[in-house]
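Chains as they are written, first to last, in the numbering used here: chain A, 1 to 320; chain B, 321 to 740. Glycine is no exception: its CB is placed at the ideal position from the N, C-alpha and C atoms. Structure record follows, encoded as structure tokens.
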Amino acid sequence: MLARRNPQLNAHGELIHLLSIEGLPRAILTQILDTAGTFLSVNDRDVKKVPLLRGKSVFNLFFENSTRTRTTFEIAAKRLSADVINLDIAKSSASKGESLLDTIANLSAMHADMFVVRHSESGAPYLIARHCAPHVHVVNAGDGRHAHPTQGLLDMYTIRHYKKAFNELTVAIVGDIVHSRVARSDIHALTTLGVPEIRAVGPKTLVPGDLREMGVRVCHDMREGVKDADVIIMLRLQNERMSGAMLPSAGEYFKSFGLTEELLALARPDAIVLHPGPINRGVEIDSRVADGSHSVILPQVTFGIAVRMAVMSILAGNDA
Amino acid sequence: MKIFIRNGRVVDPASGRDEAADVAIAAGRIVAIGHVPVDFTPERTIEADGCVVAPGLVDLAARLKEPGPGALESELAAAAAGGVTSLVCPPDMDPPLDEPGLVDMLKFRARKLSRCRLFPLGALTQGLGGAEITEMIDLTEAGCVGFSQAEAPMRDNLTLSRAMQYASTRGYTVWLRPQDASLSGGVAASGAVATRLGLSGVPVASETIALHTVIELVRQTGARVHFCRLSSAAGVDIVRRAKSEGLPVTADVSINSLHLTDVDIGYFNPAMRLVPPLRQARDRDALRAALADGTIDALVSDHTPVDEDAKQVPFAEAEPGATGLELLLPLMLKWGIEMHVALADALAPVTSRAAAAIGIEAGRIAPGAAADLCLFDPGKPWVVLPSALASQGKNTPFLGFEMTGRVARTVVGGRSVYID
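So, in structure tokens, the structure goes:
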């Protein structure tokens, strides 16, 4: 009974929180991507600011450390003229034993307008969205293995920038999909936008068969996985997976699932290679590919700012 | 005191009786059903028009939140409000029930409250540590009806085998929840929902591996084993085969697994954080069928009161468990109606069959039996709201659900312990 209604949408079907790509209609995804396009030019101006969030306070609540994602949200909010407050909660209240909801209640009392939340547990932003004041918008900046919707959206923006029509694409997502919130958000976004073939590529320990139920084709062979692909999304292999029971070594992983120029040659001639960063050269991707002509890893970062600006400005315009 | 219960519909699963009849009670026992002796002169008459007069419910799994301020009082009051007259509690309280003195004290306090008969399970191993077995004979003399490891793992199969051997020396029942320790670390059932939500999974193999292991040890030791809270279709099949082989095993299922699936987790609803985790629809359907065909002996509330604060955290961090004592009756009725099981048969898993699994004299309406009764209105609707629950635990997956069937009066040993 609790929260049966999609908590991301208000009664008019407008976006009030961005918690996951799952359950969002295509029209909202397209709206975000279109809006991001209009912000891209702001980043090229001398004065890189628009006043859309002037007087609003955006709190970056990072219960899990991430300098890079936090910085991109901070830049996006500042370019929208918001006041940005960064809270590294991993080091403050949580260590003093304050509960998550007490922290949220306290920050709400400081008249926050938006919470950007990163948390190590899947679903934590849903809990926050359920309990914060009605005017506060929550943006999920990555929760456990569950979702990283702004990363998913910036990947879509990148793909659309280079490829245009989603309904003709073959997209391969390669690597540690079972532990990846980026992969889940990409898969939901790609299916919503009508991509006919999404492949999840990796060893069985990292790409379990259950993933088929998310609408992907599971491939345990890299050559099969990248063959004729238009888009290859490489995932970062976390250090803790490089040995133990999931994988024997980084070296063997690179040999079987690392993206090399030879393998990339099996994809479409105009294929693009994405990576959410930070990259592990020689573990999941060869340097010549990461720095090569097919790589769009750095444009992803630029687009990421515009996409986050789009998300924040759309949320700020919608009421619960 | 002599009591006369008039005009009720007496339903007794043990005898298959389902008819309008009066019940006469004297000195805490049933003296007659239907044909009441003409010289029976009741001191009190209870009108039971429109009510089913059933045996008091026997719940094989309810945690009492011990120790906690007022917990035993509130949870036994919840039992009475739920029509439960006999209740088995697992030993995983603080400290665990591993010494006769602790059992004596608990039984003494429960008797003083006189709401419900309490049948504790003793710890199978000291401190539930999984290594050294407890003094089972002394614990049994103190009132334990079996020995359980609750959710704690055994150190290894050698220790488990010894514990089962020792218990079987005296014919004690060992209660085990089938789970492989190394495979049961997840927070949701493995499957599409857990994968999609990014929650760590508990595979079905956690249950089936443990069942195979324990059943193999049953074959070797001859110990009687009660399997607690089956959760999967594959687990049901293994228990069915063991029973057809004639092995001395019984099993139960929780009201949660009987009615819900992992899809009900929805948007990370922490009320659905349960142990064992909710599995898929085919598992739920197999559990429902197995309860109907008797492969699963008992339906249990798996009552586990959890403080509100312990649920207002991200799903994986939420304390598992749900309140259940007051939902056992309506959720049994719901299952019975949905599965087209006659009322007398639907009552069996919470009365006669549950009592048989622990080997106690309870769960039946017969001359000479203790007057433990549950009078309920089978058609009365009510909504599950925190204010409607006597338990300190207000968390339940069924919050806000409309239930049909409400306890009107609970009688233990001829004494009314709850009146709606």
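{"Query": "Chain A contact residues for L517(B), given Cβ-Cβ distances below 8 Å", "Result": "S122, G123 and H146"}
{"Query": "Within 8 Å, strictly: CB atoms of V195(A) and L169(A)", "Result": "yes"}
{"Query": "Burial state of D270(A) (16 or more Cβ within 10 Å)", "Result": "exposed"}
{"Query": "Top-ranked residue by Cα proximity to M114(A), from A129(A), P276(A) and P51(A)", "Result": "A129(A)"}
{"Query": "Under 7 Å from the C-beta of E261(A): neighbouring residues of chain B", "Result": "Those do not exist, as E261(A) stays about 33 Å from chain B at its closest Cβ, beyond 7 Å."}
{"Query": "Amino acids of chain A, ordered along the chain, whose beta-carbon sits closer than 8 Å to that of A642(B)", "Result": "By Cβ distance, chain A contributes nothing, its closest Cβ being about 13 Å from A642(B), past 8 Å."}
{"Query": "C-beta atoms of F439(B) and V465(B) nearer than 8 Å", "Result": "yes"}
{"Query": "Contained alpha helix (DSSP H) runs [length at least 4] in the region 495-563 of chain B, N- to C-terminal order", "Result": "512-517 and 524-541"}
{"Query": "Euclidean distance between Cα positions of S406(B) and T489(B)", "Result": "26 Å"}
{"Query": "Residue range of the unbroken alpha helix (DSSP H) whose run includes L107(A)", "Result": "L100 to A109"}
{"Query": "Exposure label - A229(A); buried when at least 16 CB within 10 Å", "Result": "buried"}
{"Query": "Beta-carbon gap between P264(B) and A509(B) smaller than 8 Å", "Result": "No answer is possible for residue 264(B): the residues shown for chain B start at 321 and end at 740."}
{"Query": "Neighbour-count burial assignment, K631(B), 16 or more Cβ in a 10 Å radius", "Result": "buried"}
{"Query": "Burial state of E395(B), where buried means 16 or more other Cβ atoms lie within 10 Å", "Result": "buried"}
{"Query": "Per-residue burial, M1(A) [other beta carbons within 10 Å of its own, 16 or more giving buried]", "Result": "At M1(A) the pLDDT is 40, less than 50, meaning the model places this residue with poor confidence; the figure from the coordinates comes in the next sentence. M1(A) should be labelled exposed."}
{"Query": "Short Cβ contact (8 Å threshold) for A512(B) with E213(A)", "Result": "yes"}
{"Query": "Element boundaries [beta strand (DSSP E), containing S406(B)]", "Result": "V404 to C409"}
{"Query": "Contacting residues, own chain, Cβ-Cβ under 8 Å from A3(A) (five flanking each side not counted)", "Result": "With a pLDDT of 46 at A3(A), under the threshold of 50, the modelled position of this residue cannot be trusted; read the value that follows with caution. Closer than 8 Å at the Cβ level, and outside the excluded window around A3(A), lie Y126 and R130."}
{"Query": "Neighbourhood of R604(B) by C-beta, 6 Å cutoff - its chain only, sequence neighbours within 5 removed", "Result": "T581"}
{"Query": "Inter-residue Cα distance where the pair is A710(B) and R729(B)", "Result": "15 Å"}
{"Query": "Where S66(A) meets chain B, residues with beta-carbon distance less than 9 Å", "Result": "Within chain B, no residue comes near S66(A); the closest Cβ sits about 17 Å away, beyond 9 Å."}
{"Query": "Residues near M474(B) in its chain [Cβ-Cβ closer than 6 Å; skip 5 each side]", "Result": "G450 and L480"}
{"Query": "Candidates A690(B), M484(B) and G402(B): closest to L537(B) by CA position", "Result": "M484(B)"}
{"Query": "Chain B within 8 Å of D210(A), Cβ atoms only", "Result": "yes"}
{"Query": "Closer than 8 Å to chain B by CB, R184(A)", "Result": "yes"}
{"Query": "Contacts that P7(A) makes with chain B (C-beta to C-beta distance below 9 Å)", "Result": "Y587"}
{"Query": "heavy atom of the ligand COA below 7 Å from H148(A) C-beta", "Result": "For the ligand COA, the structure offers nothing, since it holds no ligand at all."}
{"Query": "V171(A) and I272(A) closer than 8 Å at C-beta", "Result": "no"}
{"Query": "Reference V351(B); option with closest CA among S736(B), I685(B), Q712(B) and A391(B)", "Result": "I685(B)"}
{"Query": "For L87(A), the first and last residue of its enclosing beta strand (DSSP E)", "Result": "D83 to L87"}
{"Query": "Helix, strand or coil at L359(A) according to DSSP, with G and I counted as helix", "Result": "Past the boundaries of the shown model lies residue 359(A); chain A is included only from 1 to 320, so the question cannot be answered."}
{"Query": "Which of helix, strand or coil DSSP assigns to S468(B)", "Result": "strand"}
{"Query": "L645(B) vs A399(B) beta-carbon contact at 8 Å", "Result": "yes"}
{"Query": "N-terminal and C-terminal residue of the alpha helix (DSSP H) that Y157(A) is part of", "Result": "P149 to K163"}
{"Query": "Positions along the region 212-233 of chain A whose CB lies within less than 8 Å of some CB in chain B", "Result": "E213 and M214"}
{"Query": "For E722(B), the first and last residue of its enclosing alpha helix (DSSP H)", "Result": "Note, E722(B): premise wrong, no alpha helix (DSSP H); beta strand (DSSP E) at E722 to V732."}
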